[in-house]
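The working numbering applies: residue 2 is where the sequence shown begins, and numbers increase by one.
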Amino acid sequence: MGDEWAGSDDEIARAALDSSPNAVVALDRDQSVLVWNAAAERVFGWAAEEVLGRRAPIVPDELTAEHNAVLERVRTGEPVSLRTKRLHNDGALLDLRVDISALRLGSAVGGYVCVYHPAQADELARNRMARRARLVRRLTDVVGDINSELELSAVLDRISANLTELTGADAGGFVLIEGDRLRLVSTYQLPDSIRGTTTDLRTSLVDRLLRTGKTVMLESDGLDDLVWARLRGLHTVALGLAAVGGRPYGALYALFARRNPGHLELELLELLAGHAGIAVGNAVAYQEAVRQRAHERAVFDASADGIAVLDQDGLVVRWNPAAAGLTALAPESVIGAPPPFPLPKPGEKVTFQMENGRWLDVVSAQIEETGEVVVDFRDVTSAKELEEAKDLFLATTSHELRTPITIVRGFASTLDARWDKMADAERRAAVHTIAERSRSLGELMDHLLLGARAGAEELKVRIEEVDLAERIDAATLGLPALSDKHRVEVDIARGLPHVLGDPLATDIILGQLLENAFKYSPKGGLISVAAWPDGENVVVVVDDEGVGIAPGDRERIFERFVQVDSGDRRRFGGVGLGLYIVRSLARAQGGDVSAHPRREGGTRMRLVLRCASPIGSDTPMR
């Protein structure tokens, strides 16, 4: 024990009695005063020396019987607590509560100990307890209220509003910790203009609170420099740390301008701040989950691949827009049913053709945690068709090459072996055949070369002013002599404007369109060519009365290697590059080519070129 307590036990006992806030009076069995502490002097108005050794004149006459009865109960060993009246030195009645117990000296009762305190203190205590109980019940309701909300802004606003109700604060706010900054995200009874204010965490009250290791603190100094000074009359700031699992999310501020916070208010602030941390943590986690789901949904909906999610029974539970587009099956017709294609094993791929003609590559993966299966499928119809077209192109090209080469080789061998035995007319006929077949081979090689350049976007044309009427005349000159089954008519508008283009490319386009008109009208008929101005363009049409083109193939015929099987067109051979080259050359000149049906039967090929303007340059095809 320290030196300041060096002394007798009596001195320590007297010091303890004199330090008591309650009046302590000890009586002997005759009710003479043995102890009268300092608080008794203050309560009753008599000094100790005035009452020690005699009966204290503090019991009113009308309460003497009650007083004696209480002492008798205490003497038998039962302490008594009651509310009663006592006399002050000035004659005034005092409303007091007294706790009376026996003064034991060994095993004997030597007297009585009476401890007096104001009855209103009991009332205040009861009121405090009742208020505390009401606030705790309200806190429970508040906690349930803020935890039922998952939107962060709504959570914070409810916390700030309930803070003032529970603590009696004049205003409140919540700050979020964002790295090394604080951001004011919610206020109550403060100007909205201060929302969003940020400050350095290291110079804030929150940092000071974090360094104390406590969860609540009061501050009354240096408040003029804070954003909270917008509250007129601000004199005290109480703040509580909002944290979950040791991670601080922010702090709850209670601002006082008209009253002072007490112990109960600080306790409630601490409890509310703790629950606020949980609510904010839940809201942040919920928002993150919402963002994650939104991202997943965006990827799911925006994917060009079809995506389906199957449950543990293999039934579709999700079907994205691309899946509906690729399969022509709406979600409502698929969800709850098996997918409309076979499923590959994880890590494998299945290529499957739908009833609508589409080819799909299908892969799948299982989600181990849920047992669900994610199926991804994409349209490979174009690739499949291109693969088939290339195979057909190789076969057709081989055939187209083999026939003239065989003929050339045969006639060349005949000339070599039987030159001297052949008549002059026979030799000339053989040489003529070799020349014709060689020309066909040259044209075929030119088409292959042009097709390769067009496919690599290396096809170039020289743009200059071209007399289109002259090119049409040259292309159609002598055509009637080529076939006795066909008639050729040419109708060129008077004063047809010149166009922008490449003369050689234009000749190739016109020649191919005319060749196709003859080729695909094997029974003969009229081949008509017409040209006229149309706004800033010139239109050229080549009409035939041939086999025509099916509606679904009118665009496909302009693709590389495509030789449509519809109608009678497939039997005319070719490598499927002619119209691809035609469109490539037309577009390289700023024009276009398209195919259209004729009401009378057959096909109209429509070429559009730009009217001439003062321009000329080498223009690569795009």
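All C-beta atoms, glycine included, are put in the ideal place defined by N, C-alpha and C.
Determine the extent of the alpha helix (DSSP H) in which residue i is found, giving its start and end residues.
{"i": "Ala-518", "result": "504 to 520"}
{"i": "Ser-585", "result": "579 to 589"}
{"i": "Thr-65", "result": "65 to 76"}
{"i": "Ile-464", "result": "Here Ile-464 belongs to no alpha helix (DSSP H), and DSSP marks it neither H nor E."}
{"i": "Asp-208", "result": "206 to 213"}
{"i": "Val-44", "result": "39 to 45"}
{"i": "Ala-325", "result": "322 to 328"}
{"i": "Ser-334", "result": "332 to 335"}
{"i": "Glu-50", "result": "49 to 52"}
Can you check whether the CB of residue j is closer than 8 Å to the CB of residue i?
{"i": "Val-116", "j": "Val-34", "result": "no"}
{"i": "Arg-463", "j": "Asp-503", "result": "yes"}
{"i": "Tyr-610", "j": "Leu-497", "result": "Going by the sequence as given, residue 610 is Leu instead of Tyr. Cβ atoms of Leu-610 and Leu-497: not closer than 8 Å."}
{"i": "Leu-361", "j": "Leu-327", "result": "yes"}
{"i": "Thr-606", "j": "Val-548", "result": "One detail in the question is off: residue 606 reads as Met in this sequence, not Thr. Their beta carbons are not under 8 Å apart, which means Met-606 does not touch Val-548 by this criterion."}
{"i": "Val-300", "j": "Leu-344", "result": "no"}
{"i": "Ala-277", "j": "Ile-160", "result": "yes"}
{"i": "His-433", "j": "Glu-466", "result": "no"}
{"i": "Pro-80", "j": "Ile-59", "result": "no"}
{"i": "Gly-240", "j": "Leu-210", "result": "Correcting the residue identity first, residue 240 is Leu in this sequence and not Gly. Yes, these two residues count as a Cβ contact at 8 Å."}
{"i": "Glu-271", "j": "Thr-216", "result": "yes"}
{"i": "Phe-378", "j": "Gly-315", "result": "no"}
Could you tell me the alpha carbon to alpha carbon distance between residue i and residue j, rounded to whole angstroms?
{"i": "Gln-32", "j": "Gly-263", "result": "42 Å"}
{"i": "Glu-490", "j": "Ile-406", "result": "36 Å"}
{"i": "Thr-199", "j": "Ala-243", "result": "18 Å"}
{"i": "Leu-608", "j": "Pro-332", "result": "43 Å"}
{"i": "Ala-596", "j": "Ala-424", "result": "49 Å"}
{"i": "Ser-21", "j": "Leu-269", "result": "30 Å"}
{"i": "Asp-201", "j": "Asp-226", "result": "14 Å"}
{"i": "Ala-17", "j": "Ala-57", "result": "22 Å"}
{"i": "Pro-341", "j": "Ala-323", "result": "14 Å"}
{"i": "Val-207", "j": "Ile-279", "result": "18 Å"}
{"i": "Val-114", "j": "Ala-274", "result": "46 Å"}
{"i": "Asp-302", "j": "Ile-336", "result": "16 Å"}
{"i": "Gly-247", "j": "Thr-204", "result": "21 Å"}
{"i": "Glu-556", "j": "Leu-480", "result": "28 Å"}
{"i": "Phe-519", "j": "Arg-599", "result": "16 Å"}
{"i": "Phe-412", "j": "Arg-428", "result": "9 Å"}
{"i": "Gly-452", "j": "Ala-587", "result": "Confidence at Gly-452 is low in this model, with a pLDDT of 48, below 50, so the placement of that residue should be treated as unreliable; the coordinate-derived value is given next. Taking the straight line joining both Cα atoms gives about 14 Å."}
In its own chain, which residues sit with a C-beta less than 8 Å from the C-beta of residue i, not counting the 5 before and 5 after it?
{"i": "Thr-165", "result": "Asp-171, Ala-172, Gly-173, Tyr-189, Gln-190, Ala-255"}
{"i": "Lys-86", "result": "Pro-61, Leu-64, Leu-94, Leu-95, Asp-96, Leu-97"}
{"i": "Ile-473", "result": "Val-491, Ile-493, Leu-511, Val-530, Ala-532, Val-541"}
{"i": "Glu-373", "result": "Val-310, Leu-311, Asp-312, Gln-313, Val-318, Gln-367"}
{"i": "Val-381", "result": "Thr-352, Trp-360, Leu-361, Asp-362"}
{"i": "Arg-15", "result": "none"}
{"i": "Gly-526", "result": "Lys-486, His-487, Arg-488, Asp-545, Glu-546, Gly-547, Gly-603"}
{"i": "Arg-572", "result": "Any reading at Arg-572 is ruled out, since the residue's pLDDT is 44, under 50, leaving its predicted position unreliable."}
Identify, in the order they occur along the chain, each residue of the same chain with its Cβ nearer than 7 Å to the Cβ of residue i, setting aside the five sequence neighbours on each side.
{"i": "Asp-19", "result": "Asn-38, Ala-39"}
{"i": "Leu-235", "result": "Leu-224, Trp-229, Leu-256, Ala-258"}
{"i": "Thr-415", "result": "Ala-431"}
{"i": "Ala-48", "result": "Glu-42"}
Between residue i and the rest of its own chain, which residues show a CB-CB distance below 6 Å, the 5 nearest in sequence each way excluded?
{"i": "Val-110", "result": "Arg-76, Ala-103"}
{"i": "Ala-470", "result": "Ile-493, Leu-497"}
{"i": "Gln-513", "result": "Gly-579, Val-583"}
Which term fits residue i, buried or exposed, when burial requires 16 or more other beta carbons within 10 angstroms of its beta carbon?
{"i": "Leu-28", "result": "buried"}
{"i": "Ile-558", "result": "buried"}
{"i": "Ser-628", "result": "Residue 628 falls outside the range modelled here, since the chain spans only 2 to 623, and no answer is possible."}
{"i": "Trp-420", "result": "exposed"}
{"i": "Thr-507", "result": "buried"}
{"i": "Asn-321", "result": "buried"}
{"i": "Ser-82", "result": "exposed"}
{"i": "Asp-554", "result": "buried"}
{"i": "Gly-78", "result": "exposed"}
{"i": "Asn-69", "result": "exposed"}
How is the beta strand (DSSP E) around residue i delimited, first residue to last?
{"i": "Phe-257", "result": "248 to 257"}
{"i": "Phe-353", "result": "351 to 354"}
{"i": "Glu-601", "result": "Here Glu-601 belongs to no beta strand (DSSP E), and DSSP marks it neither H nor E."}
{"i": "Cys-115", "result": "109 to 119"}
{"i": "Trp-229", "result": "Where Trp-229 is concerned, there is no enclosing beta strand (DSSP E), given that its DSSP letter is neither H nor E."}
{"i": "Trp-533", "result": "526 to 535"}
{"i": "Val-176", "result": "172 to 179"}
{"i": "Ser-365", "result": "360 to 367"}
{"i": "Met-423", "result": "Met-423 -> no beta strand (DSSP E), and no H or E assigned at all."}
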